[in-house]
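According to mature numbering (1 follows the signal peptide of the UniProt record, and there is no 0), the sequence shown holds residues -23 to -1, 1 to 87 in order. Input: a single structure, listed below in structure tokens.
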Amino acid sequence: MKHFNCLVAVLVGVLLVSGTALAHKVNLFAYVEGGTVFTESYFPDGRAVEKGTVLVYDSKNRQLVEGKTDTQGMFSFDIPKIDALTIVIDAGMGHKNKFKLKKADVEAGK
């Protein structure tokens, strides 16, 4: 019985920690098509990131674009330059993630 209680305590601890980790997770996906970069941002439960801040950086970490997601978690922008791009979503309260587009992918989508 003592081992069972320890196992239950460990399991509860793992579930609490994993729940906390998921609480700050946000998903970001980006692709390039027809000279435009499209982004989609959403939480693990599928809810869209509304009014999340999107920042776009070049390979030298210079900010090129800033904008906000719409009610469906979408944000798009014209290709600012042919370079590797790092796209960051900040959904507030510690919910952040980034997506990297390779230079070749940006160039192929122009």
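No residue lacks a Cβ here, since even glycine has one placed at the ideal position from N, Cα and C. Since this is a predicted model, take the numbers as computed values, not measurements.
Assuming residue i and residue j are in contact, meaning their beta carbons sit under 8 Å apart, how far apart are those beta carbons, in whole angstroms?
i	j	result
Thr16	Ile59	The pair is not a contact, with the Cβ atoms about 18 Å apart (cut-off 8 Å).
Lys87	Gly12	5 Å
Given a threshold of 16 other Cβ atoms within 10 Å of its Cβ, counted over all protein chains shown, does residue i qualify as buried or as exposed?
i	result
Gly50	buried
Thr46	buried
Lys75	exposed
Ser18	buried
Ala81	exposed
Ala7	buried
Consult DSSP for residue i and reduce its assignment to one of helix, strand or coil.
i	result
Lys87	coil
Ala61	coil
Ile66	strand
Asp82	helix
Leu(-2)	Note that Leu(-2) has pLDDT 48, beneath the 50 cutoff, so the model's placement of it is unreliable and the number below is only indicative. In the structure shown, Leu(-2) sits in a helix (DSSP, three-state: H, G or I).
Gly12	coil
Glu27	coil
Gly71	coil
Asn4	strand
Gly50	coil
Out of the options, state which residue places its alpha-carbon closest to the alpha-carbon of residue i.
i	options	result
Gly29	Ala81, Ser36, His72	His72
Pro21	Val42, Phe54, Asn4, Val14	Asn4
Gln2	Ile66, Lys37, Lys87	Per the sequence shown, residue 2 should be read as Lys rather than Gln. When each option's Cα is compared against that of Lys2, the closest is Ile66.
Gly44	Ala85, Lys37, Ala68	Ala68
Checking 8 Å against the spacing of the C-beta atoms, do residue i and residue j come in under that value?
i	j	result
Leu62	Asp35	yes
Val26	Ile56	no
Ser53	Val9	no
Leu41	Val31	no
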